[in-house]
Amino acid sequence: MGRDDYPGIYDWLAMGYRPADLYPGPITFLWSAAQPFRGGWRGVEERNDVEVHVLRCRHMTCLNDHLGELAERMRACVAAGAGREG
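Take any residue in the sequence shown, note its place counting from 1, add 3, and you have its number in the numbering used here.
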C-alpha cells in the first residue's frame with residue numbers, strides 16, 4: 004500500500020462512519036459536490052439543526068484547486084456562528 008491508496012482508504016473508512024451520539028447544537032457541513040453526503044451523517048442531517056454547503060469540487064481538489072472557495076465558505080460559516088452567539 005502506498006500514498007496513492009490514502010484517498011481510497013479514507014473514503015472506505017468515512018463511508019462506514021456512524022457517530023455514536025448526536026451533537027446537541029447546530030452543525031455546519033461542508034461537502035464536496037462529488038461526495039455530497041456520507042451514509043453515517045445522513046441521520047445527523049435529518050435529526051439536528053444543520054446547515055449544508057456543497058462546494059463545486061472533489062474532496063482532494065477542495066484542498067488545492069478550490070481552496071479559495073473553501074476558505075470563503077468557512078469564513079462565512081464562522082462569522083455566522085459568531086453572530087448567533089453574540
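The beta carbon of each residue, even a glycine, is placed where N, CA and C say it ideally should be. If you're wondering where the values come from, they're calculated on a predicted model, not measured in any experiment.
- Taking Arg45 as reference, the option from Phe32, Ala36 and Ala37 with the minimal CA-CA separation is Phe32.
- A residue is called buried when at least 16 other Cβ atoms come within 10 angstroms of its Cβ; Leu73 meets this threshold and is buried.
- Of the candidates Ala37, Pro22, Val53 and Ala23, Val53 places its Cα closest to the Cα of Ile30.
- Leu70 carries a helical assignment under DSSP once its states are collapsed to helix, strand and coil.
- Within the same chain, and ignoring the five residues on either side of His56 in sequence, the residues whose Cβ sits closer than 8 Å to its Cβ are Thr31, Phe32, Leu33, Trp34, Arg76 and Cys80.
- Here Arg50 really is in contact with Leu25; their C-beta atoms are around 6 Å apart, less than 8 Å.
- Non-local C-beta neighbours of Arg61 in its own chain, meaning closer than 6 Å and more than five positions away in sequence, comprise Ser35 and Ala37, ordered along the chain.
- Val47 places its beta carbon 8 Å or farther from that of Pro27.
- According to DSSP, residue pairing for Leu25 in a beta bridge does not occur.
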